[in-house]
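Student: In this note's numbering, the protein residues as written are 563 to 758.
The beta carbon of each residue, even a glycine, is placed where N, CA and C say it ideally should be.
I have a structure here, written as C-alpha cells, and I will follow up with some questions on it.
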C-alpha cells in the first residue's frame with residue numbers, strides 16, 4: 563500500500579511540474595493569457611462538480627491516475643483547480659515576467675521539494691510532519707534557477723525562499739484552509755514585485 567502511495571505522489575508531483583512549466587511557457591510566449599486561464603478554471607471546476615455526480619470516462623480515469631483518494635471524494639481535481647487559480651491570480655496581479663517566474667517557483671519548488679524530501683530528507687520541518695528541510699532547500703535552489711530566466715537571480719532566490727517558507731504552515735482564514743497552490747505563487751510574486 564505504501565508503495566502505491568509513493569508512486570501516486572511521484573506521478574502527482576511530476577504532473578504538477580509539467581503542467582506548471584507548460585503554463586509558464588505558454589504565458590511567456592503569449593499563446594495563452596489570463597482570460598484563457600479563467601476559462602480553464604471554470605471548465606475544470608465544472609468538470610470537478612459534474613464528476614462528483616456522474617462519471618465522465620476520460621476525466622475520471624485521469625483523476626484516478628493522478629488524484630489522492632481523499633480528494634476524489636471531496637473535490638475531484640483539487641490540485642489542478644487550485645494550481646490554476648493560483649496561476650490565474652498571479653497573472654492578473656503581476657507583470658508577465660514576475661507571473662511566469664512565480665508559476666515556475668510553484669511548479670519546480672513544490673514538486674522538487676516533495677520528491678527530494680520524501681527520498682532524501684532526514685530533518686522534518688517543525689510545521690508539517692510530511693515535509694523535510696532538505697527537500698525545501700533543494701526546492702528553493704531548483705525553483706530559483708528556473709525563475710532566474712525571467713527575473714534577476716537574487717530576486718528569484720529570495721522569492722523561492724519566501725515561497726518555500728509559505729508552504730510549511732497550514733494557513734487558515736476564518737477557519738478555511740488556504741491551499742498552498744494559491745499562497746506560494748502569490749507570495750513569490752509579491753516578493754519579486756516589491757524587489758524589482
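Hey, quick one: how far does the beta strand (DSSP E) through residue 686 stretch, first residue to last?
Tutor: Where residue 686 is concerned, there is no enclosing beta strand (DSSP E), given that its DSSP letter is neither H nor E.
Student: How many angstroms separate the CA atom of residue 716 from the CA atom of residue 668?
Tutor: 17 Å
Student: Between the beta-carbon of residue 746 and the beta-carbon of residue 691, is there less than 9 Å?
Tutor: no
Student: Is it a yes or a no for the stretch 642-656 touching the stretch 678-690, going by three-plus beta-carbon pairs under 8 Å?
Tutor: no
Student: Since residue 640 is in the alpha helix (DSSP H), which residue starts that stretch and which ends it?
Tutor: 640-655
Student: Per DSSP, residue 734 is paired with what?
Tutor: Paired residue(s): 739.
Student: Would you kindly work out how many angstroms separate the C-alpha atoms of residue 594 and residue 750, rounded to a whole number?
Tutor: 21 Å
Student: Of all the options 727, 720, 734, 676, which has the alpha carbon lying nearest to the alpha carbon of residue 754?
Tutor: 720
Student: Go through its chain and collect everything with a Cβ distance to residue 742's Cβ below 6 Å, but skip five positions before and after it.
Tutor: 729
Student: Just the Cα atoms here: how many angstroms apart are residue 586 and residue 663?
Tutor: 8 Å
Student: Does the beta-carbon of residue 674 have 16 or more other beta-carbons within 10 angstroms, so that it is buried, or is it exposed?
Tutor: buried
Student: If you scan the stretch 699-726 from start to end, which runs of the beta strand (DSSP E) of 3 or more residues do you find wholly inside it?
Tutor: none
Student: Could you check if residue 693 is buried or exposed, using at least 16 other CB atoms within 10 Å of its CB as the buried criterion?
Tutor: buried
Student: Considering only residues of the same chain and omitting the five flanking positions on each side of residue 655, which have a CB-CB separation below 7 Å?
Tutor: 751
Student: What's the gap between the Cα of residue 670 and the Cα of residue 701?
Tutor: 7 Å
Student: Can you give the Cα-Cα distance for residue 677 and residue 572, rounded to whole angstroms?
Tutor: Between the C-alpha atoms of residue 677 and residue 572 there is a straight-line separation of about 7 Å.
Student: Is the Cβ-Cβ distance between residue 647 and residue 708 less than 9 Å?
Tutor: no
Student: Could you tell me the boundaries of the alpha helix (DSSP H) in which residue 679 lies?
Tutor: 672-682
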